[in-house]
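J.: Got a structure for you, questions after.
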Amino acid sequence: MSPSQPVLDPDELKAFSFRVWNYKKGEMVSLMIHLGDRLGIYQAMDGAGPISSAELASRTGLQERWIREWMRGQAAAELLDYHPGCGDRSNEKDEQFELSVYGAAVLADEKDSLAFASGAFTGGTPPEIAEKLADAFRTGIGLSYEEMGPNAAHRTERMLGTWIRLALVPQIIPALDGIHEKLSAGAVVADVGCGSALALIAMGEAYPKSTFVGYDPNSHGIERGREHVDERGLKNVELIVAGGETLPEEPRFDFILTFDCIHDMPHPSRVIESIRKAILSDGTWLIKDIRSKPRFEDNLGHPMLAMLYGFSVSACMSSALSEPDGAGLGTLGFNPEVAKKMVREAGFTKFKEHDFNDPANLYYEVRP
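First residue of the sequence shown: 137, per the numbering used here; consecutive thereafter.
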């Protein structure tokens, strides 16, 4: 042993090693969740009660041996319940596992559960994207969502879509002063950073007298959005591949939305200034952004903080630094203090914070 090499306490070394390998375990379990979602396995288990791998293979049309190994891994991860007393214990194919009602709400029920989460799991970062992220550490220039490709657009849609479908029209809009009435009568609405247009579609169906325009520089999201709009036959929704800087320079919109995107923008101040020019004097701007506090120390109690910083480096901050002199706000960078300061600098005078019992996000109702 070198004289300068520290003497390591074996228990502390073991504990630290275990912490690191737990993240590798999470990587593997994340892939299994992605496969369960992608292959419809969770949906097949929803409401089925205790079920064997042979029964589940028959139900899904998948191979029994692969299903058995997957089910065992999910039970080891405590995502499936194992029933050792059920079935023929001498026959491995008769081992029985169950997706609980809580598991179904989080892993299977994309239609009706606000807790649905398995759509956020994409099977890992593609190697070519990881290589570009490594380059970004050297150059300082990140990847735009356009450069991240169609998978990123699909992940974002699955991750945020349930909330939009279940909460936006029935819960959020009625809580905003006068917005439901304006939309019912016929308003002009813009969604800046609209992604796959799920919010526009939800509002377009609920408020047929209103006109909706979506802006997003990511062509992958807009392409998916146009497909969704065409599938529903909506004639009051238009989607444009463009950033928020391209909004009309004269007041036009009664209602503007920016959901989970200000912190992604290389030049958010420019977009906010454009929003101020494009909104009518009695208009409303609704911002939805990540719940965070100004100081790192104040966020340390957040149970998902490490994940949020991972999102930031791999997507949000990367996008926010994808152009020279980008602001680089990142996932946690648009906290209430920053939001209030930026909107007031752009000329807005009214700023109201909403909670809506959303553990991940805050909402700001902003007016000229």
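For glycine and all other residues, C-beta sits at the position ideal for the given N, C-alpha and C.
1. Can you tell me where the beta strand (DSSP E) with residue 326 in it begins and where it stops?
2. Closest to residue 253 by C-alpha separation, out of 303, 367, 384, 166, would be which residue?
3. What residues in its chain sit with their C-beta under 6 angstroms from that of residue 210, if we drop five residues either side in the sequence?
4. Taking the CB atoms as reference points, tell me whether residue 257 and residue 182 lie closer together than 8 angstroms.
5. Who pairs with residue 350 in a beta bridge, going by DSSP?
6. What whole-angstrom Cβ distance do residue 278 and residue 144 have, given they're in contact under 8 angstroms?
7. Evaluate contact between the segment 441-457 and the segment 256-275, counting only Cβ atoms and requiring at least three cross-stretch pairs below 8 angstroms.
8. Determine the direct distance from the alpha carbon of residue 491 to that of residue 431, and round the result to whole angstroms.
9. I'd like to know whether the C-beta atoms of residue 250 and residue 298 end up nearer to each other than 8 angstroms.
10. Residue 330 and residue 400: beta carbons closer than 8 angstroms?
11. Round the Cβ separation of residue 296 and residue 396 to the nearest angstrom and send it over; I've been treating them as touching at under 8 angstroms.
12. Should the segment 476-484 be called in touch with the segment 400-418, which here means at least 3 C-beta pairs below 8 angstroms?
13. Would residue 360 be called buried (16 or more neighbouring beta carbons within 10 Å of its own) or exposed?
14. Buried or exposed for residue 284, please, with buried defined as at least 16 other CB atoms from any protein chain shown within 10 angstroms of its CB.
15. Identify, in the order they occur along the chain, each residue of the same chain with its Cβ nearer than 8 angstroms to the Cβ of residue 325, setting aside the five sequence neighbours on each side.
16. Could you tell me if residue 154 is buried or exposed, where buried requires 16 or more neighbouring beta carbons within 10 angstroms of its beta carbon?
17. Alpha carbon to alpha carbon, how far is residue 148 from residue 158? Give it in angstroms, no decimals.
18. Between which residues of its own chain and residue 322 is the CB-CB distance below 6 angstroms, once the five residues before and five after are set aside?
19. Who are the near neighbours of residue 196 in its chain, counting only those whose CB is closer than 8 angstroms to its CB and skipping five residues on each side?
20. Compute the Euclidean distance between the alpha carbons of residue 428 and residue 371, then round it to the nearest angstrom.
21. At 3 residues or longer, what runs of the beta strand (DSSP E) sit wholly inside the segment 401-457?
22. Taking Cβ positions, are residue 354 and residue 266 nearer each other than 8 angstroms?
23. Along the chain, which unbroken stretches of the alpha helix (DSSP H) at least 4 residues long are found entirely within the segment 233-312?
24. Looking at residue 376: is its Cβ nearer than 8 angstroms to the Cβ of residue 398?
25. Within the continuous alpha helix (DSSP H) that includes residue 501, where are the two ends?
26. On the three-state DSSP scale, how would you describe residue 140?
27. Looking at residue 314: is its Cβ nearer than 8 angstroms to the Cβ of residue 234?
28. What number of angstroms, rounded off, separates the C-alpha of residue 382 from the C-alpha of residue 419?
29. Here's the rule: buried if 16 or more other CB atoms are within 10 angstroms of the residue's CB, otherwise exposed. What is residue 293?
30. Using alpha carbons as the reference points, say which of 192, 213, 199 lies closest to residue 164.
31. Give a yes or no on whether the C-beta atoms belonging to residue 408 and residue 497 are separated by under 8 angstroms.
32. Skipping 5 residues on each side, what residues in its chain have a beta carbon closer than 7 angstroms to that of residue 236?
T.: From the atom records:
1. As a first step, residue 326 is located in the sequence shown; it is residue number 190 there, counting from the start. Run containing residue 326: 324-328, per the beta strand (DSSP E) assignment.
2. Residue numbering aside, residue 253 sits at position 117 when the sequence shown is read from its first letter. When each option's Cα is compared against that of residue 253, the closest is 166.
3. Against the sequence shown, residue 210 aligns to sequence position 74. Correct list, in chain order: 216.
4. Indexing the sequence shown from 1 puts residue 257 at position 121. Indexing the sequence shown from 1 puts residue 182 at position 46. No.
5. Position 214 of the sequence shown, counting from 1, holds the residue named residue 350. DSSP lists 327, 375 as partners of residue 350.
6. Counting from 1 along the sequence shown, the entry for residue 278 is found at position 142. Counting from 1 along the sequence shown, the entry for residue 144 is found at position 8. With 8 angstroms as the limit, residue 278 and residue 144 do not qualify as a contact, their Cβ atoms being about 37 angstroms apart.
7. yes
8. Against the sequence shown, residue 431 aligns to sequence position 295. Against the sequence shown, residue 491 aligns to sequence position 355. Their backbone Cα atoms lie some 20 angstroms apart in a straight line.
9. Along the sequence shown, one-based indexing puts residue 250 at 114. Along the sequence shown, one-based indexing puts residue 298 at 162. Yes.
10. The count along the sequence shown starts at 1 and reaches residue 330 at position 194. The count along the sequence shown starts at 1 and reaches residue 400 at position 264. Not closer than 8 angstroms, so no.
11. Stepping through the sequence shown from its first residue, residue 296 is reached at position 160. Stepping through the sequence shown from its first residue, residue 396 is reached at position 260. Yes, they are in contact, since the Cβ atoms of residue 296 and residue 396 sit about 6 angstroms apart, within 8 angstroms.
12. yes
13. Residue mapping note: residue 360 aligns to position 224 of the sequence shown, counting from 1. Its Cβ being crowded by 16 or more others within 10 Å, residue 360 is buried.
14. Translated into the one-based positions of the sequence shown, residue 284 becomes position 148. So residue 284 counts as buried.
15. Locating residue 325 in the sequence shown gives position 189, counting from the first residue. Same-chain partners within the cutoff: 319, 336, 339, 346, 347, 348, 349, 389, 390, 391, 392, 393.
16. Position 18 of the sequence shown holds residue 154. Under this definition residue 154 is an exposed residue.
17. The sequence position of residue 158 within the sequence shown is 22, counting from 1. The sequence position of residue 148 within the sequence shown is 12, counting from 1. So the two alpha carbons sit approximately 15 angstroms from each other.
18. Here residue 322 refers to the residue found at position 186 when the sequence shown is read from its first residue. Around residue 322: 345, 346.
19. Here the question's residue 196 lines up with position 60 in the sequence shown. Contacts found: 175, 176, 177, 180, 203.
20. Within the sequence shown, numbered from 1, the residue matching residue 428 stands at position 292. Within the sequence shown, numbered from 1, the residue matching residue 371 stands at position 235. Looking at the two C-alpha atoms, the distance is approximately 38 angstroms.
21. 415-426
22. By 1-based counting over the sequence shown, the position of residue 354 is 218. By 1-based counting over the sequence shown, the position of residue 266 is 130. Against a cut-off of 8 angstroms, the Cβ pair of residue 266 and residue 354 comes out as no contact.
23. 237-243, 263-275, 281-284, 286-299
24. Counting from one through the sequence shown, the residue named residue 376 turns up at place 240. Counting from one through the sequence shown, the residue named residue 398 turns up at place 262. No. Outside cutoff.
25. Position 365 of the sequence shown, counted from the first residue, corresponds to residue 501. Segment 497-503 is the beta strand (DSSP E) holding residue 501; no alpha helix (DSSP H) there.
26. One-based indexing of the sequence shown puts residue 140 at position 4. Note: residue 140 maps to coil in three-state DSSP.
27. Stepping through the sequence shown from its first residue, residue 314 is reached at position 178. Stepping through the sequence shown from its first residue, residue 234 is reached at position 98. The answer is no: Cβ separation not under 8 angstroms.
28. In the sequence shown, counting from the first residue as 1, residue 382 sits at position 246. In the sequence shown, counting from the first residue as 1, residue 419 sits at position 283. The straight-line gap from Cα to Cα measures roughly 19 angstroms.
29. For the purposes of this step, residue 293 is identified with residue 157 of the sequence shown, where counting begins at 1. Buried is the call here.
30. One-based indexing of the sequence shown puts residue 164 at position 28. Nearest C-alpha to residue 164: 213.
31. As a working note, residue 408 is residue 272 in the sequence shown. As a working note, residue 497 is residue 361 in the sequence shown. The answer is no: Cβ separation not under 8 angstroms.
32. The residue given as residue 236 occupies position 100 in the sequence shown. If we look at residue 236 and ignore the five residues flanking it on each side, its Cβ neighbours are 217.
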